[in-house]
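Residue numbers (our numbering): 602 to 814. What follows is a single structure, written as structure tokens, with notes after it.
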């Protein structure tokens, strides 16, 4: 089984690309979706987060807007939250890998793959990238988002050019959806063709390779 780590900065379209993998029949572990589940109504982390951040929970689980205001700009609070969330997500990820161990290819959709050393858990890395202006336009169109929040989020993430340099594959999501989908299908075909281990010939033949380091 090849474990492909999929990542990308905010607004690059990583979630869109993850759905393309899933629609092509590749099992995808969505770390963000798992966090939502763990923090939602009846989620097993609700009590622990409420204890650490009183007033952060409501009838539907953790109120992400309230919690976000608490940790925004407070690294100590953010680290306290991560110590609660990350071990639970890691356990869910291990269960996912055990469940799909017979599959030739799986994808781990991890937003902070580089920042939290998730690259150690994968065989290869695909980074979703787009021009900075397009990234900003996408993010600022989201409800409640503003340039200050975007700058703060960017400050917490590894810069796009660094991610591109460290990736095995760069999926360009700055053009049409059809072009991105074609790149995803090409990558799937290439990785599946090389069986249980990642082969660098895939990187050499990939249609949108990373720039030289």
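For glycine and all other residues, C-beta sits at the position ideal for the given N, C-alpha and C.
Ordered list of alpha helix (DSSP H) runs contained in the stretch 644–678, each at least 4 residues = 647–653 and 665–672
Note the first and the last residue of the continuous beta strand (DSSP E) segment covering residue 772.
-> 770–773
For residue 674, does the count of other Cβ atoms within 10 angstroms reach 16, so buried, or fall short, so exposed?
-> exposed
Given a threshold of 16 other Cβ atoms within 10 Å of its Cβ, counted over all protein chains shown, does residue 648 qualify as buried or as exposed?
-> exposed
Report yes or no: do three or more beta-carbon pairs, one from the stretch 642–658 and one from the stretch 621–632, lie closer than 8 Å?
-> no
Where does residue 709 sit, in a helix, a strand or coil, going by DSSP?
-> strand
Taking the alpha helix (DSSP H) that residue 792 falls in, what are its first and last residues?
-> 778–794
With burial defined as no fewer than 16 other Cβ atoms inside 10 Å of the residue's Cβ, what is the status of residue 741: buried or exposed?
-> exposed
Endpoints, beta strand (DSSP E) assigned at residue 730 | 725–730
Does DSSP put residue 754 in a helix, in a strand, or in coil?
-> helix
Exposure of residue 692, with buried meaning 16 or more beta-carbon neighbours within 10 Å = exposed
How close, in whole Å, do the beta carbons of residue 609 and residue 641 come, if the pair is a contact with beta carbons under 8 Å?
-> Incorrect: roughly 24 Å between the Cβ atoms, too far for contact.
Just the Cα atoms here: how many angstroms apart are residue 686 and residue 643?
-> 15 Å
Residue 685 by DSSP, collapsed to three states: which one?
-> helix
Residue 631 to residue 605, Cα distance in whole Å?
-> 12 Å
What's the C-alpha gap between residue 792 and residue 603?
-> 8 Å
Give the secondary structure of residue 617 by DSSP, where H, G and I count as helix, E and B as strand, and everything else as coil.
-> helix
So, using beta-carbon positions, are residue 747 and residue 614 closer together than 8 Å?
-> no
Reduced DSSP secondary structure (H/G/I, E/B, other) of residue 763 = helix
Locate the beta strand (DSSP E) running through residue 627, then write down its first and last residues.
-> Looking at the DSSP string, residue 627 is not in any beta strand (DSSP E), and its letter there is neither H nor E.
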